[in-house]
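Data first, discussion second: the structure below is written as structure tokens.
There are 2 protein chains.
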Amino acid sequence: MASVALDADPADLVSMRGHVTALLAEFLDRKARTAAAHELPSEITETLRDFLLFGGKLLRPLLCVTGWHAAGSNGGLRPVLQVAASLEMFHAFALIHDDLMDDSATRRGRPTVHRVFTARHTGGHSERAAAHFGAGAAILIGDLALAWSDELLHTAGLAPRQLACVLPHLDAMRTEVMYGQYLDLLTAGRPTADVDAALTVVRYKTAKYTLERPLHLGAALAGADRTVLGACTDYALPLGEAYQLRDDLLGVFGSPAQTGKSALDDLRDAKATVLIALALQAASPAQADRLRALIGNPRLGEDGATDVA
Amino acid sequence: MASVALDADPADLVSMRGHVTALLAEFLDRKARTAAAHELPSEITETLRDFLLFGGKLLRPLLCVTGWHAAGSNGGLRPVLQVAASLEMFHAFALIHDDLMDDSATRRGRPTVHRVFTARHTGGHSERAAAHFGAGAAILIGDLALAWSDELLHTAGLAPRQLACVLPHLDAMRTEVMYGQYLDLLTAGRPTADVDAALTVVRYKTAKYTLERPLHLGAALAGADRTVLGACTDYALPLGEAYQLRDDLLGVFGSPAQTGKSALDDLRDAKATVLIALALQAASPAQADRLRALIGNPRLGEDGATDVA
Chain A
234 MASVALDADP ADLVSMRGHV TALLAEFLDR KARTAAAHEL PSEITETLRD FLLFGGKLLR
294 PLLCVTGWHA AGSNGGLRPV LQVAASLEMF HAFALIHDDL MDDSATRRGR PTVHRVFTAR
354 HTGGHSERAA AHFGAGAAIL IGDLALAWSD ELLHTAGLAP RQLACVLPHL DAMRTEVMYG
414 QYLDLLTAGR PTADVDAALT VVRYKTAKYT LERPLHLGAA LAGADRTVLG ACTDYALPLG
474 EAYQLRDDLL GVFGSPAQTG KSALDDLRDA KATVLIALAL QAASPAQADR LRALIGNPRL
534 GEDGATDVA
Chain B
234 MASVALDADP ADLVSMRGHV TALLAEFLDR KARTAAAHEL PSEITETLRD FLLFGGKLLR
294 PLLCVTGWHA AGSNGGLRPV LQVAASLEMF HAFALIHDDL MDDSATRRGR PTVHRVFTAR
354 HTGGHSERAA AHFGAGAAIL IGDLALAWSD ELLHTAGLAP RQLACVLPHL DAMRTEVMYG
414 QYLDLLTAGR PTADVDAALT VVRYKTAKYT LERPLHLGAA LAGADRTVLG ACTDYALPLG
474 EAYQLRDDLL GVFGSPAQTG KSALDDLRDA KATVLIALAL QAASPAQADR LRALIGNPRL
534 GEDGATDVA
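Chains as they are written, first to last, in my numbering: chain A, 234 to 542; chain B, 234 to 542.
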């Protein structure tokens, strides 16, 4: 088990990020050794290792540690770091499935998981069979990341009371993010001028999932009461909305070299973002028609995207 | 919370099945009310309700109750029934993703989840967009079933000691079944005469997942020691293999009216079953060539299937 210095400072986020990364690496190494001992394929743990250890900002784990610190840092830091690591494993699950549903080509500047497994299966199979294999592998590796995020939590060494405080927040977080993803799927391809509908998706997919719940989980580990949890909510929700609105802007106007994502994906998928809703509201009828024609076109190129912008 | 008569007999499997079904219905009703209160779509809980409450044999929940009973029935029955219900919710997750990966059209005599959601999205969208929506919805509804299987376990009212005994078996079960699914995906489309390779998939996908682990989970709830857990394994693994071999036979020779599944799916997907491995071993070179040409053909019809048989 990775050791954490007793005097480690939870406010030192660079050091906390290092500890969380080390815990994830250690967990996946153990899984890789078990798989090898049973002659099971190694590419599952290798893929999750590549995904988790390179390029992630570890925003949710760091917010979890911060929530614990803000609520009084009661109990040891080591179990908190492992709960934080379990949030990053959960996030890997969410991104792997999200990239498949959006058929995104890149994530963090590298090919997405379903694309990597499609490419592995190309030799000797039809294009259709390779894509089918890639999708299936991404579904299963995502599923495994979700199950392993649980295992990290189960083996964190939490006191029974801590576990009882944490689980309701975890259950709520998962339900919220999955309903948010479903709303996103439901509204994709239907650009709308309805800012409220777009904000509802933002609240479920980002504000609660990325900001509020990680803070709640950390605070609950320190035994936070309703007042502290409420303060976390008041801080997290507006910040989470701002974070997503910025992400939507970067998704269209950002440089792929900086974001690691194509500037075309959001437009091709016709994501019902607040940005698009406001653009449709401000557009003349002719401009709105042109926007609707360009957004959601899977063959949208750089020229069309420049036209949208 | 559903009440369970204090004198309920855990060996009365018909009554146990009724209790597990009632717990699942109650859980999903509560989720449906929460979704309605937040103006979230109702089709997610409706779909899981249809999937879980009609037509399942509830084999894994009943084995869980049986394992608890066999290990001495220590502690209350009510929490055991809820853990049993969580296994059925987990199984819904596994089947929904499995049907999507295999692109199966029917399950339990009804359209599969991805097909239902594809059909819902047909009006006003291209066929490609509708299939994309159906796949995304099935991924998310499966994910939610996995998260909710956890929530059922978390809220079962287990003693901390019970929870600590149960979680390692749960974590092992999930990892095993997902590796089994991956092996299945990896070998699909490559009919092989290798019986051992086919049996490895059977062990992970069925013998351990369907038989051994549900018994272990129930036995662990009653505080079973290594000897009792070992006896569960000795009973479960050969029975699980026999169960899958029978299922493979039914998959090719069974009547769709009885199995609720098409008799063509396994052949079209070229599942690397023990049945196919033995057929290839027994075939003459010309027969083996003909088998390999027919198996895995997505357009295989009844005539070709009869030819295989």
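Virtual Cβ for every residue (Gly too), placed ideally from N, Cα, C.
Asked: Closest by CA to Lys-441(B), which one among Leu-296(B), Ile-277(B), Asp-245(B)?; Found: Leu-296(B)
Asked: Which residues of chain A have a Cβ atom closer than 7 Å to the Cβ of Gln-414(B), listed in chain order?; Found: Leu-373
Asked: Hey, could you find the ends of the alpha helix (DSSP H) Leu-256(A) is sitting in?; Found: 246–270
Asked: Could you work out which residues of chain B lie near His-387(A), taking near to mean beta carbons separated by less than 7 Å?; Found: Leu-400, Asp-404
Asked: Is there contact between the region 470–483 of chain A and the region 449–457 of chain A, where contact requires at least three CB pairs shorter than 8 Å?; Found: no
Asked: May I ask you to list, following chain order, the residues of the region 492–522 of chain B that have a beta carbon less than 8 Å from some beta carbon of chain A?; Found: none
Asked: Closer than 7 Å, Cβ to Cβ, to anything on chain A: give me those residues from the region 271–284 of chain B, in chain order.; Found: Leu-273, Pro-274, Ile-277
Asked: Residue range of the alpha helix (DSSP H) that Gly-534(B) falls in?; Found: It is not in any alpha helix (DSSP H) - Gly-534(B) carries neither H nor E in the DSSP assignment.
Asked: May I ask you to report which of helix, strand or coil DSSP gives Arg-341(A)?; Found: coil
Asked: Given this structure, state the Cα-to-Cα distance separating Ala-393(A) from Ala-268(B), to the nearest angstrom.; Found: In the sequence under discussion, the amino acid at residue 393(A) is Pro, which differs from the Ala named in the question. Their Cα atoms are separated by approximately 30 Å.
Asked: Quick one, are the C-beta atoms of Asp-373(A) and Leu-418(B) less than 8 Å apart?; Found: Here the sequence assigns Leu to residue 373(A), which means Asp is not the residue at that position. Contact: yes.
Asked: Please list, in chain order, the chain B residues whose beta carbon lies closer than 9 Å to that of Leu-377(A).; Found: Arg-407, Thr-408, Met-411, Tyr-412, Tyr-415
Asked: Measure the alpha-carbon distance for Ala-426(A) versus Leu-527(A) and round it to whole angstroms.; Found: 15 Å
Asked: I'd like to know whether the C-beta of Met-322(B) is nearer than 8 Å to at least one C-beta of chain A.; Found: no
Asked: So, with DSSP's three-state summary, where would you put Arg-282(B)?; Found: helix
Asked: So with CB distances below 7 Å, who are the chain A contacts of Glu-360(B)?; Found: Near Glu-360(B) there are no residues of chain A at all, since even the closest Cβ is about 13 Å away, more than 7 Å.
Asked: By the DSSP assignment, the alpha helix (DSSP H) with Arg-459(A) in it spans what residues?; Found: 459–486
Asked: Whose CA, out of Val-485(B), Gly-251(B), Ile-277(B), Gln-520(B), lies closest to the CA of Lys-290(B)?; Found: Gly-251(B)
Asked: Take the Cβ of Arg-459(A) as the centre, count every other Cβ of all protein chains shown within 10 Å, and call the residue buried at 16 or more, exposed below.; Found: exposed
Asked: Can you tell me whether DSSP reads Leu-513(A) as helix, strand or coil?; Found: helix
Asked: Give the DSSP-derived three-state secondary structure of His-354(B) in the structure shown.; Found: coil
Asked: For chain B, find out if any of its Cβ atoms is closer than 8 Å to the Cβ of Gly-289(A); answer yes or no.; Found: no
Asked: Given that a residue counts as buried once 16 or more other Cβ atoms are within 10 Å of its Cβ, and exposed if not, what is Val-247(A)?; Found: exposed
Asked: Can you check whether the CB of Ser-319(A) is closer than 8 Å to the CB of Leu-379(A)?; Found: no
Asked: So Ala-444(B) packs on Asp-481(B), CB below 8 Å; how close in whole Å?; Found: As written in the sequence, residue 444(B) is Leu, which differs from the Ala given in the question. At roughly 16 Å, the Cβ-Cβ gap does not stay under 8 Å, so Leu-444(B) and Asp-481(B) are not in contact.
Asked: Can you give me the Cβ contacts of Thr-544(A) inside the same chain, cut-off strictly under 7 Å, excluding the 5 residues immediately before and after it?; Found: Only positions 234 to 542 of chain A appear in this structure, which leaves residue 544(A) out of reach.
Asked: Name the chain A residues that come within less than 9 Å of Gly-484(B), Cβ to Cβ?; Found: Those within 9 Å of Gly-484(B) in chain A number zero; the least Cβ separation is about 19 Å.
Asked: What does the alpha-carbon distance come out to for the pair Phe-287(A) and Arg-341(B)?; Found: 43 Å
Asked: Could you check whether the Cβ of Pro-312(A) sits closer than 8 Å to any Cβ belonging to chain B?; Found: no
Asked: Can you name, in chain order, every residue of its own chain whose Cβ lies under 7 Å from the Cβ of His-324(A), other than the five neighbours on each side?; Found: Arg-293
Asked: Could you check whether Gly-422(B) and Ala-503(B) sit closer than 8 Å to each other, using their CB atoms as the reference points?; Found: yes
Asked: Since Glu-384(B) meets chain E, which of its residues come closer than 7 Å, beta carbon to beta carbon?; Found: Of the protein chains in this structure, namely A and B, none is chain E.
Asked: Buried or exposed: which applies to Asp-498(B), given that a residue is buried once 16 or more other Cβ atoms fall within 10 Å of its Cβ?; Found: buried
Asked: Spatial neighbours of Val-461(A) within its chain, please: C-beta separation below 6 Å, excluding the five flanking residues on both sides.; Found: Ala-304, Ala-452
Asked: If I follow the unbroken alpha helix (DSSP H) through Ile-374(A), where does it start and stop?; Found: 360–387
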